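Novice: Each residue of the sequence shown is one higher than the one before, starting from 0 at the first, in numbering that gives the first Met the number 0.
Positions of the beta carbon are idealized from the N, C-alpha and C atoms, including for glycine.
Here the structure is a predicted model, which is why all the values come from computation and not from measurement.
Below: one structure in structure tokens.
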Amino acid sequence: MNVSYEKNPDGLTAKITVAVEENDYAAKVKAELKKIGATQTIPGFRKGHVSVEHLTRRFGKEVKSEVMNRIVIEAVDKYIKENNIVYIAEPLPASEPQAITMEQKDYTFAFDLALPADIDVKLDKEVSLPFYTVKVTEEMINEQDKALRERFGAQTPGEEADEKALIKGTIMELNEDGSIKESADAIQVIDGIVAPMFFKDKSQSEKFLHCKVGDKVVFNPWATCEGNPTEMSSMLHLTDKDAAANVKSDFELTVSEIIMLKPAEIGEEFYKYDFGPQANIENEEQYRENVAQMIAAQFAPSSQEVFQLSARKYLMDTYADSVKVPEDFLKRYLLLENPELTAEKLAEDFDKYVVPDVKWQLIRDEVGKKLDVKIGEEDVM
């Protein structure tokens, strides 16, 4: 088997030619045919006792085509790897598939290859791009402190509900005139509990604000969750979720208990809850410094993302116009790889999306080479 490689004059494409002779595939075809005879049941023959001649007549063309396809692809891949050829996308057949016959012995296959353009990317200290970091303010620290103290706080009985209180009590369905419904199908929950802070309709939440034990609050469960079956069935203790979702009556909740969230007190135990036992925090000042670092760490990915966008913009603005891409090859490749893609749709999106994306990949790869970026096994793991 002979494999040859030739760059086209445009410098953006090349051709790999594979010349196949009979001795490159004959033994493999025979071995595949014997495997078929040994593993498949063929009418008129005992398994494993079919002659190679019969197998050749019946399966030869198909097996020869499969073997030929496999060894040619392997040869192209091997040649590319051994010669360190850098390419864009996968090789494409240079012509329509040729017919494989049992009579023809030797074949020649050709593949088109897209090559990256030469890009002279300059990266030195003359190139300067801003890297933005978010300034952590006292207000941000106070908000984070409040959230942390609430997260590790305790639930305690309260006298008057605030916006984060849980309300317990009996929940009784009402008639249209506002009276308690007493018919057999009336919905009555003795040990009900609601969390107004999570209501989707804030006007329903406000009905519970500042309520006290013994107060009666009229509200509409359906409005609190927009009829969500799971939430409705849980709130009204109904097993049939579909039926619960259709309950649109008002209800009266008689408050029996108010559960308030008491924020955690600042101290050694709280510091360990927040930052782990290894944290060396001895006072509130150090605690606030750690909170500030926590906030900064949360914003760090955003800073990195903004920098990546600005770096990409700089590199594209500086080099994209000089980067040439093999447009005809890419169009042919995309249409072959995406059967649902039409030529009209590709033409519409090609210059707008495909070309810039390919150019960016080429520029990015060149930057990686310039900076000697390498991904090792440890990085992968």
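Which residue comes first and which comes last in the beta strand (DSSP E) that contains isoleucine 258?
Specialist: 250 to 261
Novice: Out of curiosity, what's the CA-to-CA distance linking lysine 6 and lysine 34?
Specialist: 41 Å
Novice: What is the rounded straight-line gap between the Cα of isoleucine 189 and the Cα of lysine 199?
Specialist: 24 Å
Novice: Considering only residues of the region 156 to 229, which uninterrupted beta strand (DSSP E) runs meet the minimum length of 3 residues and lie entirely inside it, listed in chain order?
Specialist: 165 to 172, 187 to 193, 215 to 218
Novice: Looking at the structure shown, is glutamine 277 part of a helix, part of a strand, or coil, going by DSSP?
Specialist: Assigned with DSSP and collapsed to three states, glutamine 277 falls in coil, not helix or strand.
Novice: Using the beta-carbon count (16 or more within 10 Å), is leucine 340 buried or exposed?
Specialist: exposed
Novice: Helix, strand or coil for asparagine 1, going by three-state DSSP, please let me know.
Specialist: strand
Novice: Would you kindly check if the distance between the Cβ of valine 246 and the Cβ of glycine 213 is under 8 Å?
Specialist: Annotated as distal: glycine 213 and valine 246, with beta-carbon spacing of 8 Å or more.
Novice: Can you tell me where the alpha helix (DSSP H) with aspartate 144 in it begins and where it stops?
Specialist: In this chain, the alpha helix (DSSP H) harbouring aspartate 144 covers 137 to 150.
Novice: Who are isoleucine 87's beta bridge partners in DSSP?
Specialist: Ala113
Novice: Quick one: using the 10 Å Cβ neighbour count with 16 as the cut-off for buried, is tyrosine 286 buried or exposed?
Specialist: buried
Novice: Exposed or buried, which one is alanine 113 when buried takes at least 16 other CB atoms within 10 Å?
Specialist: buried
Novice: Contact between the region 146 to 153 and the region 226 to 244: three or more CB pairs below 8 Å?
Specialist: no
Novice: By a C-beta neighbour count over all protein chains shown, 10 Å radius and 16 as the cutoff for buried, is isoleucine 374 buried or exposed?
Specialist: With fewer than 16 other CB atoms across the displayed protein chains lying within 10 angstroms of its CB, isoleucine 374 is exposed.
Novice: Tell me, to the nearest whole angstrom, how far the beta carbon of valine 17 is from that of aspartate 105; I am working on the premise that it is less than 8 Å.
Specialist: Incorrect: roughly 11 Å between the Cβ atoms, too far for contact.
Novice: Roughly how many angstroms separate the alpha carbons of glycine 226 and lysine 145, rounded to a whole number?
Specialist: 32 Å
Novice: Please determine if the region 307 to 327 and the region 132 to 148 are in contact, where contact requires at least 3 C-beta pairs separated by less than 8 Å.
Specialist: no
Novice: Between which two residues does the alpha helix (DSSP H) holding isoleucine 35 run?
Specialist: Segment 21 to 38, the alpha helix (DSSP H) holding isoleucine 35.
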